[in-house]
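So the structure is just underneath, and the comments pick up after that.
Here's what the structure looks like:
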């Protein structure tokens with residue numbers, strides 16, 4: 001890794017899916033069918049949103065969103081960041097100091 005910027009921890013990739021799973025739980029709890037909740041969260045993110053972000057960029061995606069979605073993002077971004085920043089910092093530290101590696105090695109081969 002010398003001379004180049006390190007890659008983000010792989011665990012960060014899973015945070016996107018955890019966010020979708022959390023949204024799924026909230027929708028289900030509020031009377032949406034499993035199919036609706038899945039389509040509005042996991043499917044929308046993995047089959048539409050993430051590929052478009054990769055193909056274009058976040059500026060393009062932001063400008064392509066509805067006014068309601070953009071306004072919601074602006075209103076909720078500080079709340080989301082305040083709630084999640086400590087979690088991401090803890091996650092990064094656990095990868096940096098090899099806590100995650102030790103857990104994975106200890107878990108390797110265990111029946112799940």
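In the UniProt record's numbering, the protein residues as written are 1 to 112. For each residue, glycine too, the CB sits at the ideal point set by N, CA and C. Owing to the predicted nature of the structure, the values given are computational and were not obtained by experimental measurement.
| task | Specify, as a first and last residue, the run of the alpha helix (DSSP H) that residue 81 falls within. | result | 67-96
| message | I'd like to know whether the C-beta atoms of residue 36 and residue 27 end up nearer to each other than 8 angstroms. | response | Their beta carbons are under 8 angstroms apart, which means residue 36 touches residue 27 by this criterion.
| query | Excluding the five sequence neighbours on either side, which residues of its own chain have a C-beta within less than 6 angstroms of the C-beta of residue 45, listed in chain order? | reply | 20
| query | Among the residues of its own chain, which have a CB less than 6 angstroms from the CB of residue 99, if the five just before and after it don't count? | reply | none
| query | Under a three-way DSSP split, which group does residue 39 fall into? | reply | Helix.
| Nearest-angstrom beta carbon gap, residue 52 and residue 61 [assumed within contact, 8 angstroms] | 6 angstroms
| message | Measuring alpha carbon to alpha carbon, tell me which residue in 63, 80, 89 and 105 is nearest residue 23. | response | 80
| query | Out of curiosity, what's the CA-to-CA distance linking residue 69 and residue 32? | reply | 20 angstroms
| task | Can you say whether residue 67 is buried or exposed, counting buried as having 16 or more other CB atoms within 10 angstroms of its CB? | result | exposed
| Chain-order list of residues whose beta-carbon lies under 6 angstroms from that of residue 64 (same chain, five-residue window excluded) | Contacts found: none.
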